[in-house]
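What follows is a single structure, written as structure tokens, with notes after it.
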Amino acid sequence: MDDLIIGNAGNNFLNGGIGNDTLRGQGGADTLIGGSGNDFLDSDTLGTVDTIGDLLDGGSGNDTLRGEAGNDTLIGGSGNDSLDGDDSSFNFGNDSLDGGSGNDTLNGGAGNDTLNGGSGIDNTNGGSGNDTVIDDDFVNFDVHNGGLGIDTIDYSNVTFGSGAVTINLATATTSVFGGNTETILNFENVEGSQGSETIIGSSGANLLNGNGGDDTIDGGAGNDTINGGAGDDSLDGGSGDDTLRGQGGADTLIGGSGNDFLDSDTLGSVDTIGDLLDGGAGDDTLQGEAGNDTLLGGIGNDSLTGDDSTVNFGNDFLDGGAGNDTLNGGFGN
1 MDDLIIGNAG
11 NNFLNGGIGN
21 DTLRGQGGAD
31 TLIGGSGNDF
41 LDSDTLGTVD
51 TIGDLLDGGS
61 GNDTLRGEAG
71 NDTLIGGSGN
81 DSLDGDDSSF
91 NFGNDSLDGG
101 SGNDTLNGGA
111 GNDTLNGGSG
121 IDNTNGGSGN
131 DTVIDDDFVN
141 FDVHNGGLGI
151 DTIDYSNVTF
161 GSGAVTINLA
171 TATTSVFGGN
181 TETILNFENV
191 EGSQGSETII
201 GSSGANLLNG
211 NGGDDTIDGG
221 AGNDTINGGA
231 GDDSLDGGSG
241 DDTLRGQGGA
251 DTLIGGSGND
261 FLDSDTLGSV
271 DTIGDLLDGG
281 AGDDTLQGEA
291 GNDTLLGGIG
301 NDSLTGDDST
311 VNFGNDFLDG
321 GAGNDTLNGG
331 FGN
């Protein structure tokens with residue numbers, strides 16, 4: 001049976017069960033369960049200003065979920081679902097959208113939203129605000145659009161990678177060699193997978209995290225922050241005043257042009273593997289941390305420190321290059 005269920009100003013629990021149902025929560029912190037069938041779930045009446053967060057779960061079937069105002073959680077479930085975090089009249093709320101299985105369409109609207117299309121060929125749009133779009137695999141032809149704001153494409157849930165994956169903000173694509181290509185429009189930041197990949201930044205300021213695996217990361221132009229994560233990583237800041245941190249593994253950090261900060265490991269860590277840090281042109285600061293590190297200042301007035309103040313050991317090689325440089329070897333030979 002196809003049901004029409006409308007809540008009231010209280011905290012309602014509405015369950016459509018079997019059939020193609022319409023559920024409207026209206027006021028309060030509501031929970032709407034579509035059940036089986038092609039359901040329409042609306043957290044509030046269109047145009048109202050109920051800023052209390054609601055939970056909408058479409059269940060099985062091709063469902064339409066609309067969050068309206070408030071910080072809402074929308075779960076598509078199985079089927080080809082359409083999820084909208086906000087309505088067209090009062091577009092605000094930091095929403096969480098999960099498409100589940102199927103070919104889903106997710107629109108975050110205004111606010112700092114988190115969108116996960118799940119499995120299937122998905123189309124996501126963060127809208128305005130600083131949004132995070134989560135992609136759980138590299139195997140589908142998804143289309144992701146961060147929209148306005150400082151947005152992040154997040155592949156950190158992906159557990160495989162052989163270096164054949166390229167995440168390129170400059171060309172707005174994520175490609176697998178010999179395989180699929182995804183579209184990633186209007187993103188400033190990248191969370192890499194737990195495997196090995198190549199990450200390329202855009203002409204603006206980017207935050208690029210390699211996470212697991214042996215990653216190659218190129219910031220390009222702009223003042224970028226690049227973190228290698230675990231593995232033997234190669235980081236290149238490109239032009240701009242960049243911050244590079246190798247973190248775990250035997251890493252290579254190239255500052256490029258600009259006044260850069262290069263740190264072989266996270267402060268206070270005990271990564272005893274030697275790293276190579278090359279500041280390039282500009283007045284750079286290089287910090288070797290633990291391990292037997294090689295620090296090259298390059299052109300400019302550089303500051304080179306072989307070890308940090310917390311884990312002070314390692315037999316380091318420091319070369320200031322051209323310019324008026326300051327070199328501090330720390331402990332070790």
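Using the numbering used here, the first residue of the sequence shown is number 1, and each one after it goes up by one.
Glycine included, every Cβ here is placed at the ideal spot set by N, Cα and C.
Tell me whether residue i is buried or exposed, calling it buried when 16 or more other Cβ atoms sit within 10 Å of its Cβ.
i	result
I33	buried
S203	exposed
L106	buried
D218	buried
L262	buried
A9	exposed
A322	exposed
A170	exposed
N324	exposed
G256	buried
N116	buried
T152	buried
L148	exposed
D215	buried
F177	exposed
D2	exposed
On a CA-only basis, which of the options is nearest residue i? Give me that one, please.
i	options	result
D242	G249, D283 and D232	D283
F138	I184, D98 and N301	I184
G228	G120, D131, D135 and L253	L253
G67	D95, N103 and D135	D95
E289	D104, L276, I18 and G280	L276
N168	T198, V143 and D154	T198
G146	S156, I134, N157 and N140	I134
I158	G195, G108 and N125	The sequence given here places Val at residue 158; Ile does not occur at that position. Here the closest residue by C-alpha is G195.
G298	Y155, T166 and D319	D319
G212	R245, F160, A164 and D224	F160
F40	L74, A29 and N11	L74
D30	D21, V143, N11 and G17	N11
Y155	G210, G126 and N130	G210
Does the beta-carbon distance from residue i to residue j come in below 9 Å?
i	j	result
G87	L65	In the sequence as presented, Gly is not what sits at residue 87; that position holds Asp. Result no, Cβ atoms of D87 and L65 do not sit closer than 9 Å.
G76	G93	no
N189	N206	yes
G240	G274	no
D265	L286	no
G7	G35	no
G231	G249	yes
G100	S119	yes
G85	D63	no
D260	Q247	no
G306	G279	no
Give me the DSSP bridge partner(s) of residue i.
i	result
D154	I134 and E191
S303	T285 and T326
N116	D98 and I134
S82	T64 and T105
L253	L235 and L277
L41	L23 and L65
N227	N209 and R245
D319	L296
E182	T174
Assuming residue i and residue j make a contact with CB atoms under 8 Å, what is their CB distance in whole Å?
i	j	result
I52	L23	Not really, about 16 Å apart at Cβ, beyond 8 Å.
G27	L14	Not quite, the Cβ-Cβ distance comes to about 13 Å (not below 8 Å), so this is no contact.
G329	D308	Actually they are not in contact, since the Cβ atoms of G329 and D308 sit about 12 Å apart, beyond 8 Å.
D142	I121	6 Å
E191	H144	That pair is no contact at about 13 Å.
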